[in-house]
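Note sheet for the following structure.
2 protein chains.
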Amino acid sequence: MFYPAPIERLIENLTKLPGIGRKTATRLAFFLLNARGSYITELSTSLIDIKEKIRLCSTCFNITDTDPCEVCRDGRRNRSTVCVVEESSHMMVIESSYPGCFRYHILHGVINPIEGIGPDEIRLKELRDRIEREDIKEVIIATNPNIEGNTTAHYIGEMLKPLDVKITRIASGVPVGGDIVYIDPLTIKSSLDNRKNL
Amino acid sequence: MFYPAPIERLIENLTKLPGIGRKTATRLAFFLLNARGSYITELSTSLIDIKEKIRLCSTCFNITDTDPCEVCRDGRRNRSTVCVVEESSHMMVIESSYPGCFRYHILHGVINPIEGIGPDEIRLKELRDRIEREDIKEVIIATNPNIEGNTTAHYIGEMLKPLDVKITRIASGVPVGGDIVYIDPLTIKSSLDNRKNL
Chain W
115 MFYPAPIERL IENLTKLPGI GRKTATRLAF FLLNARGSYI TELSTSLIDI KEKIRLCSTC
175 FNITDTDPCE VCRDGRRNRS TVCVVEESSH MMVIESSYPG CFRYHILHGV INPIEGIGPD
235 EIRLKELRDR IEREDIKEVI IATNPNIEGN TTAHYIGEML KPLDVKITRI ASGVPVGGDI
295 VYIDPLTIKS SLDNRKNL
Chain F
115 MFYPAPIERL IENLTKLPGI GRKTATRLAF FLLNARGSYI TELSTSLIDI KEKIRLCSTC
175 FNITDTDPCE VCRDGRRNRS TVCVVEESSH MMVIESSYPG CFRYHILHGV INPIEGIGPD
235 EIRLKELRDR IEREDIKEVI IATNPNIEGN TTAHYIGEML KPLDVKITRI ASGVPVGGDI
295 VYIDPLTIKS SLDNRKNL
């Protein structure tokens, strides 16, 4: 016994989502089956929209639906400080502790030789170009305090050494090996307050 | 600080799903943002499909993408026995214990005066018409053994009394107040084995 093909297909597609097993997927499918048609249309449209409308900011490489992104357009931010993060989601976490203070540069990864990710695979060249082009006084490196993050931070330090810019690293408030996404805002704030020269 | 509008819209739509809070919705949204475009298209299409392709079987009112549904078309089933259930999902549970034995009639609800659901709001008239039209010898009433389910079973018993048909009720293997969806297959089987005349 199985469900009609369209329901089976929906269940199958839902089980591909993280943390959704067949039982939860079935429950969701039946909820969706009984949901208003307008909700289904909205959900479906919003799914397509993130693929069609979300791109990367040409300045900081944040995910955005406008270019430059909202953060880069924000005139109240300190334009001489750039915080370097691994992913857009890390930026969001820092923003919740340090809202509206500086601008960002999203690397979209870290140097990871084991997985074959070298400096050219992430947005490092764009960071250097940006530091040369814009009037930036300080670069705060907020990559995760694990091997790959530290390697990347070190690489950035070496890469920017010839340029007239202060380079700082977030403090050790964040546990080594931890992931910024899961740290409480106070620890994040402390790690920013205690940042030190690289 | 918030995410770009299309991501916010997706998160908002995902939080409307049962059991999905903002944190899970955000995680899902970022997973979807990084997912292959073909998966997004498939998921979106399968969402629209359940609205467009799923309808009710004109015989038993099961959810289906063909009419008559797969169960009604199945020639190996005993065509003289009809099992009455509240929802299609209840049918699926019974099928997993009693596969391919009889056909069904899905009421799509139960009589519930408190919520203003009377006999005309569910597929009771269609059940009587079907018993009159088809050569049915037995009607097994498998509504939930709670107040509304028992009321509905009683109503069906009275409604079908003038007709020459045996009416049975699933046995009390299923705990009173419980919900068929959550019962283990053996209890379901026992409740069917021990069905008694109404």
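In the order they appear, the protein sequences are chains W and F. Residue numbering for the first sequence follows our numbering, beginning at 115 and increasing consecutively. Residue numbering for the second sequence follows our numbering, beginning at 115 and increasing consecutively. The C-beta atom is built at its ideal place from N, Cα and C for all residues, glycine as well. Quantities reported herein were computed from a predicted structural model and do not represent experimental measurements.
Checklist entry - Would DSSP call residue 196/W helix, strand or coil? => result strand
Checklist entry - Near residue 210/W, what residues of its chain come up, given a Cβ to Cβ distance below 6 Å and the 5 sequence neighbours on each side ignored? => result 299
Checklist entry - Looking at C-alpha atoms only, which residue of 122/W, 219/W, 259/W is the closest neighbour of residue 156/F? => result 122/W
Item to check | Short Cβ contact (9 Å threshold) for residue 181/F with residue 171/F | outcome: yes
Checklist entry - Are the beta-carbon atoms of residue 139/F and residue 179/W separated by less than 9 Å? => result no
Checklist entry - For the candidate residues 117/F, 221/F, 189/F, whose alpha-carbon lies nearest to that of residue 262/F? => result 221/F
Checklist entry - Between which two residues does the beta strand (DSSP E) containing residue 136/W stretch? => result Unbroken run through residue 136/W is the alpha helix (DSSP H), 136 to 148; no beta strand (DSSP E).
Next on the checklist: What residue range does the beta strand (DSSP E) around residue 219/W cover?
Outcome noted: 216 to 220
Checklist entry - Straight-line CA distance for residue 203/W to residue 296/W? => result 11 Å
Next on the checklist: I want to see whether chain W comes within less than 9 Å of residue 153/F, judged by CB atoms only; does it?
Outcome noted: yes
Item to check | Beta bridge counterpart(s) of residue 282/W as assigned by DSSP | outcome: 254/W, 311/W
Checklist entry - If residue 143/F sits next to residue 128/F, beta carbons under 8 Å apart, how far is it from one beta carbon to the other, in whole angstroms? => result 6 Å
Next on the checklist: Taking CB distances under 9 Å as the criterion, tell me whether residue 229/F reaches chain W.
Outcome noted: no
Checklist entry - What span of residues does the alpha helix (DSSP H) with residue 173/F cover, start to end? => result Run containing residue 173/F: none; DSSP gives neither H nor E here.
Item to check | Inter-residue spacing [alpha-carbon to alpha-carbon] between residue 188/W and residue 215/W | outcome: 10 Å
Item to check | Which listed residue (279/F, 258/F, 282/F) has its alpha carbon closest to that of residue 290/F | outcome: 258/F
Checklist entry - From what residue to what residue does the alpha helix (DSSP H) around residue 230/F run? => result Neither: residue 230/F is in no alpha helix (DSSP H) and is coded neither H nor E.
Item to check | Same chain, Cβ closer than 7 Å to residue 167/F, five either side skipped, listed in chain order | outcome: 179
Checklist entry - Are the C-beta atoms of residue 299/F and some chain W residue less than 9 Å apart? => result no
Checklist entry - Would residue 165/W count as contacting chain F if we go by Cβ distances under 9 Å? => result yes
Checklist entry - The alpha helix (DSSP H) with residue 291/W in it runs from where to where? => result Segment: none, residue 291/W is in no alpha helix (DSSP H) and carries neither H nor E.
Checklist entry - Does DSSP put residue 178/F in a helix, in a strand, or in coil? => result strand
Checklist entry - alpha helix (DSSP H) containing residue 164/F: first to last residue? => result 151 to 167
Next on the checklist: For a quick check, are the C-beta atoms of residue 279/F and residue 251/F less than 9 Å apart?
Outcome noted: yes
Next on the checklist: Rounded to whole angstroms, what is the Cα-Cα separation between residue 235/F and residue 225/F?
Outcome noted: 8 Å
Checklist entry - For the stretch 206 to 237 of chain W, which residues have a beta carbon sitting closer than 7 Å to at least one beta carbon of chain F? => result 206, 209, 210, 213
Item to check | Whole-number beta carbon distance between residue 255/F and residue 198/F, since they are thought to touch under 8 Å | outcome: 5 Å
Checklist entry - Is residue 299/W helix, strand or coil when you go by DSSP? => result helix
Next on the checklist: Which residues in chain F have a C-beta closer than 8 Å to the C-beta of residue 141/W? List them in chain order.
Outcome noted: 132, 133
Checklist entry - Comparing alpha-carbon positions, which option in 243/W, 293/W, 241/W, 248/W lies nearest residue 264/W? => result 293/W
Next on the checklist: If distances are taken between C-alpha atoms only, which option among 151/W, 213/W, 126/W, 153/W comes closest to residue 141/W?
Outcome noted: 126/W
Checklist entry - On the three-state DSSP scale, how would you describe residue 90/W? => result Here chain W covers residues 115 to 312 and nothing more, so residue 90/W does not appear.
Next on the checklist: Is the beta carbon of residue 195/W closer than 9 Å to that of residue 288/W?
Outcome noted: no
Checklist entry - Looking at residue 200/W and residue 313/W, is the spacing between their C-beta atoms short of 9 Å? => result Since the displayed chain W opens at 115 and closes at 312, residue 313/W lies outside it and no answer follows.
Checklist entry - So, residue 183/F versus residue 192/F, is the Cβ gap smaller than 9 Å? => result no
Next on the checklist: For residue 263/F, report the span of its alpha helix (DSSP H) as first-last.
Outcome noted: 261 to 274
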